[in-house]
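Read through the structure below, which is laid out as structure tokens, and then see the notes.
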Amino acid sequence: MSRNIPHIIGFSAIVVLSTFIIPGAAQAQFDNWSVSAANWLQYWYHRPEAFDSIYFDSRSRQDSLDNRFIVDFDLGDFYAGAWLRVLHPNRPDQSFERITQRYFGWNQDGLTVHAGNFYQTFDRGLTLNAFLDDVINFDNNLDGARVSGLYDHFDFDAIFGRAFRDRYSTEREEILRGGRAAIKPIVGTRAGFSYIRYKQNDFDDPTAAAGINVTGINAGVNRGPFEIYGEHAFKNGRLQFGEIAKGDGTYLSGSFSHSLFSIYSEYKNMIRLLYPSPASPMNSPPPVSHQGRSLSSLANTIGERAYHVGLLLSPSYNLNLELAFSESFDRGDTLRELYLAEKFAGVRWSPTDKFVVNYRWDRFDYSLEDEVQNYFEAYYYLSNAQTVSATAYTKRFVLTGHEYHEDYLTLGLARSNFLQLSLGGSLSNNDLDRDSNKLAFAELTIRLRSHELVIFHGGERGGLVCSSGICSQRPTFEGTRVILFSRF
Amino acid sequence: MRLKLVAVISLILTIHAGLSAQEAQKRRTPDFTLPDIAGRNFTLSKNLGQGPVYISFWATWCKPCVEELKIIEKLYEKYSDRGFQVIAINTEGPKASAKVKSFVKSHGLTFTILLDNDGEVFRRKFKGVAMPYTTLIDANGDVIFTAVGFKPGDEVEIEKLIVEHLISPPDTVGQTGSGQ
């Protein structure tokens, strides 16, 4: 445990100093001077993941630390900032301490010039989607420069940046250049284009570079209750092994929105569009499903054709119903021919001012695994500022001919924006991951102005988490976890 | 053991220092420009000066966010004519673009909805790490309150703060529809 104590002391000292120095500095400067910071400290004292025990030959408890400190300086139209991260998980090969992002820029009347690290999504992501999602541990930020303009009748972004080779790499080897622009002749209408040139080292010829070009066009109308949008992108060039890279993709969406009922729909058809690979893409069209799963994210398929339709019903403010259905078909892989379908039904009902109920049912029919999820949650007001809650969640899935279940129950008490206490547990017959099948936990959250302190003790089952069309397996956690999030 | 003790003391000092410092100096909320769901640009600094502004980062999959927005809508209906504004910023990017407008309409949300397509405002300007992530600011743009997470019942304290910072506050603090 002592391994991380110096870090905790160090970061606590930074936080303490920041709380004194930053407001003082801000007070001492001109009106347009400001400094802000946030610190997110997470400390685990836990049982190593079963996967880790293969490497470390032990399931003894160990500690881990993850601290992220963010600071920003603003002076009039200029800004600068940095993210410092210290990560010491129980696997020593993944430890690091470094400045993960630093940036500065200038912003005036809709025009922004930015240098350093940044995230950027071009339209619906068919040509570029660089984003951060902690839930799936995905971060494909770019390090370079960007010039952006956001105006009433047009907007544009021009970028240059270096990217990681894949989601597990720490070296920036690939270079992206490109831009996008759109005109908006009248409010609610738009038409635009985007282009990306992606360059990487050629493995076959070290003196040469392989390059991929992705070009997209898009248009949309958003007037009154109607909204329609379409985007098409095509890819050509040469991959780093000399292979010709040709692909394309289309995304369409439409919706009708009304206070009583609304309909939304999406369609996607793509083949070999993702670059440099489906597992770690720099572009990612919407997943076209309710929960964010897609064949390319689940099975790294090179292409898929999918549609998604949903219906929202609102007979009253206190009753909301949602039905959704999606299907996805493999493209380009005649051997596997994978299929994924999702059926979703959800209801939120507040029969009285004191009582709120949420229920969701989600079924996945997937070539490799069928799954059904049920989620029930209820809140009851004990008084104006005090509520109790109960959450029950079950998951049934069939994998390689066996049926597995995971059942969860959580009871909670919340008091006036200050204190939350949760007690919960889970039961499972899932022996695939070598994790414990009976887990229980207690979690306490204390909120004091701009600080949140969360103390968790017990076990929390992991599982598949999908977001933004990218899926990740979150490990099971057993032990004690302390999170302190502060903003200054 | 001594090291552990020092670590605990440091954490306690952290919280105490934060509270003391914030009492002495208000934080200014960062300015930003984002498109709304109708395609118009919205700049925070151009919309200050009327009263307190409640800024919430949310996603359609985030159930506490939806509970929060439904409850805050009632506060918005109650105090919007006194200058209170609500800005709900969707952070899902392209994956939910087809759904956000329908979702907002069917849940009866009438306040401003913005789209933070690549998360730059949420991640970088507001230093958000989880949702719902909420900031309440006064008419000058100074931060009154921030919070990660929302549970029904939290609105009582939030309403008190809103009422305190209305430019012409009423004589008595009202109650929301929930939890009465």
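Those protein sequence lines, which keep their order, are chains Y and G. The first sequence maps to residues 1 to 488 in the working numbering. The second sequence maps to residues 1001 to 1180 in the working numbering. The C-beta atom is built at its ideal place from N, Cα and C for all residues, glycine as well. Given the structure is predicted, the values throughout are model-derived calculations rather than measurements.
Contacting residues, own chain, Cβ-Cβ under 6 Å from Y/His457 (five flanking each side not counted): Take Y/His457, set aside five residues on each side of it, and the residues of its chain with a beta-carbon closer than 6 Å to its own are Ala442 and Thr480, in chain order.
With a threshold of 16 other CB atoms inside 10 Å of the CB of Y/Glu403, please say whether the residue is buried or exposed. exposed
Any beta carbon from chain Y within less than 8 Å of G/Thr1112's own beta carbon? no
Per the contact definition of three or more C-beta pairs closer than 8 Å, is the segment 1060-1073 of chain G in contact with the segment 92-110 of chain Y? Touching, no.
Beta-carbon spacing of Y/Asn300, Y/Pro278 below 8 Å: yes
Beta-carbon proximity list for Y/Tyr408, same chain, < 6 Å, skipping 5 on both sides: Tyr393 and Ser426
Against chain Y, with Cβ distances strictly below 8 Å, would G/Pro968 count as a contact? In this structure chain G extends from 1001 to 1180, so residue 968 of chain G is not present and cannot be described.
Residues bridged to Y/His114 by DSSP? Y/Gly105 and Y/Arg146
How do the segment 252-266 of chain Y and the segment 302-317 of chain Y stand: do at least 3 beta-carbon pairs fall below 8 Å, yes or no? yes
Is the segment 173-189 of chain Y touching the segment 138-157 of chain Y in the sense that three or more CB pairs, one from each, lie closer than 8 Å? yes
With a threshold of 6 Å on Cβ separation, who are the neighbours of G/Ser1045 within its own chain once the five nearest residues in sequence on each side are excluded? If we look at G/Ser1045 and ignore the five residues flanking it on each side, its Cβ neighbours are Asp1031.
My assumption, with CB atoms under 8 Å, is that Y/Tyr366 sits in contact with Y/Leu340. Please give the rounded CB distance. Their Cβ separation, rounded to whole angstroms, is 5 Å, which keeps Y/Tyr366 and Y/Leu340 in contact under 8 Å.
Delimiting residues of the alpha helix (DSSP H) encompassing G/Ile1162: DSSP places G/Ile1162 in the uninterrupted alpha helix (DSSP H) bounded by Glu1155 to His1165.
Boundaries (first-last residue) of the alpha helix (DSSP H) holding Y/Glu369: Here Y/Glu369 belongs to no alpha helix (DSSP H), and DSSP marks it neither H nor E.
Go ahead and label Y/Gly125 buried or exposed: buried means 16 or more other beta carbons lie within 10 angstroms of its beta carbon, across all protein chains shown. buried
Segments of 4+ residues assigned as alpha helix (DSSP H) that fall wholly inside the segment 240-318 of chain Y: Listed in chain order, the complete alpha helix (DSSP H) runs (minimum 4 residues) inside the segment 240-318 of chain Y are 295-299.
Judging by CA-CA distance, which residue of Y/Tyr379, Y/Gln94, Y/Asn437 and Y/Ala233 is the nearest neighbour of Y/Leu489? This structure leaves residue 489 of chain Y out entirely; chain Y is present only between 1 and 488.
Using three-state DSSP, classify Y/Asn417 as helix, strand or coil. coil
Can you find a C-beta in chain Y that's less than 8 Å from the C-beta of G/Thr1146? yes
Local Cβ density within 10 Å of Y/Leu65, reported as buried at 16 or more and exposed below that: buried
Own chain residues within Cβ distance below 6 Å of Y/Leu453, not counting five before or after: Only Ile446 and Leu484 meet the Cβ criterion.
Under 7 Å by beta carbon: chain Y residues contacting G/Phe1103: Leu312
Reference Y/Asp449, options Y/Arg272, Y/Trp44, Y/Ala219 and Y/Arg487, closest by Cα: The sequence given here has Arg at residue 449 of chain Y, not Asp. That would be Y/Arg487, whose Cα lies nearest to the Cα of Y/Arg449.
Listing by chain order, which chain Y residues have their CB less than 7 Å from the CB of G/Val1129? Result: Trp40, Asp134 and Phe485.
Check each residue of the segment 1031-1042 of chain G: if its Cβ is closer than 9 Å to any Cβ of chain Y, include it; give the result in chain order. Listed by position, the residues of the segment 1031-1042 of chain G near chain Y (Cβ gap below 9 Å) are Asp1031, Thr1033, Leu1034, Pro1035, Ile1037, Ala1038, Gly1039, Arg1040 and Asn1041.
Just mark Y/Trp444 as buried or exposed, buried being the case when its beta carbon has 16 or more other beta carbons within 10 Å. Per the sequence shown, the amino acid found at residue 444 of chain Y is Leu instead of Trp. By the Cβ neighbour-count rule, Y/Leu444 is exposed, with fewer than 16 other Cβ atoms within 10 Å of its own.
Measure the CB-CB distance between Y/Asn417 and G/Glu1073 and report whether it falls below 8 Å. no
Would you please verify whether the beta carbon of G/Pro953 is less than 8 Å from any beta carbon of chain Y? The shown model of chain G, from 1001 to 1180, leaves out residue 953 of chain G, and the question about it has no answer.
Neighbour list for G/Phe1119 in chain Y, Cβ cutoff strictly below 8 Å: Note on residue identity: the sequence assigns Gly, not Phe, to residue 1119 of chain G. Near G/Gly1119 (Cβ distances below 8 Å), the residues of chain Y are Tyr119, Phe131 and Leu132.
Report yes if the CB atom of Y/Ser280 is closer than 8 Å to the CB atom of Y/Pro287, and no otherwise. no
With 8 Å as the threshold, decide whether the Cβ of G/Lys1063 is near any Cβ in chain Y. Taking Cβ atoms only, chain Y reaches closer than 8 Å to G/Lys1063, which makes this a yes.
Locate the beta strand (DSSP E) running through Y/Leu65, then write down its first and last residues. Gln62 to Leu75
Taking buried to mean at least 16 other C-beta atoms within 10 Å of its own C-beta, is Y/Val356 buried or exposed? buried
Output, in chain order, the set of chain G residues within a Cβ distance shorter than 8 Å of Y/Val398. Ordered by position in chain G, no residue passes the 8 Å Cβ test against Y/Val398, which lies about 25 Å from the chain.
Residue range of the alpha helix (DSSP H) that includes G/Val1100: Element bounds for G/Val1100: Val1100 to Ser1106.
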